[in-house]
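Numbering (the numbering used here), first residue to last: -4 to 234. Inspection log for the structure reproduced underneath, given as structure tokens.
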């Protein structure tokens, strides 16, 4: 949004130069971007003609600057002969476009979610065949690299651990050394995996998305539906 506002300053300066020179670019309507650009131009031109601030948000689309300027200048000059779309029709078009964009974005998210779950299931099926991997009733996979000999954490305990978290493609999304946290304060898969370990132990914990961050994911680094893998060293159990 900030980039767009800064860009608008340049656009307005350019538009004003066209107005002062008496030039009005010709609009073309070949695709959705052309119509979208013209509609934004109509709205901005009308709003700036009345010295009003605009609350229009431009989506991440490539804009046709000629159409934007043509509409902006025509609306700014109140040039009814060159305004191809009324302010009301432009507003309705943009409302419809934004609703369609929301539908497209949701469809894209649903597709990515389904793909992540499919890839995750395939990864876990292969991982389950590795030597030493134990699959629990919940579907969690635990591979003990080093068996611990000390205390085993229980619900309500705190633990001191080293850990590294990765996606199934090997992308690391998090890592910490000597971090302390409550066993009950982490995602279900991590909690179950930690409670299966003993002090001094090291394990690789692999969890499906429903035992991790689910369909929502977590921030920019963990997409929805992601299967996660943690390499964990259990240093100490704090009762």
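All C-beta atoms, glycine included, are put in the ideal place defined by N, C-alpha and C. Note that the structure is predicted; figures quoted are calculated from it, not measured.
Query, Result
"If contacts are defined as beta-carbon pairs under 8 Å, then residue 198 and residue 140 qualify, I think. What distance do you get, rounded to the angstrom?", "6 Å"
"Spatial neighbours of residue 119 within its chain, please: CB distance less than 7 Å, with the 5 preceding and 5 following residues excluded, ordered by chain position.", "136, 201, 203, 222"
"Throw me the rounded Cβ distance for the residue 220 and residue 151 pair, which I believe falls under 8 Å.", "Contact doesn't hold; Cβ gap of about 31 Å is too wide."
"Shorter than 7 Å, the distance from the beta carbon of residue 231 to the closest heavy atom of the ligand ATP, or not?", "Judged by which ligands are present, the structure shown has none, so any question about the ligand ATP falls away."
"I'd like the list of long-range same chain contacts for residue 226, defined as Cβ closer than 7 Å, with 5 residues on each side in sequence excluded.", "158, 159, 199"
"On the criterion of 16 or more Cβ atoms from any shown chain inside 10 Å, does residue 62 qualify as buried, or is it exposed?", "buried"
"From residue 76 to residue 101, what distance separates their C-alpha atoms?", "40 Å"
"Are residue 188 and residue 144 touching if we call contact CB-CB under 8 Å?", "no"
"Compute the distance between the beta-carbons of residue 133 and residue 230, then report whether it is under 8 Å.", "no"
"Would DSSP call residue 102 helix, strand or coil?", "helix"
"Can you tell me where the beta strand (DSSP E) holding residue 200 begins and where it ends?", "197 to 202"
"Less than 7 Å between C-beta atoms, sequence neighbours within five positions excluded: which residues of the same chain meet that for residue 34?", "80, 85, 88, 89"
"Can you tell me the Cα-Cα spacing of residue 124 and residue 175, whole angstroms?", "32 Å"
"Alpha carbons only, please: which of 29, 78, 213 is nearest the one belonging to residue 162?", "213"
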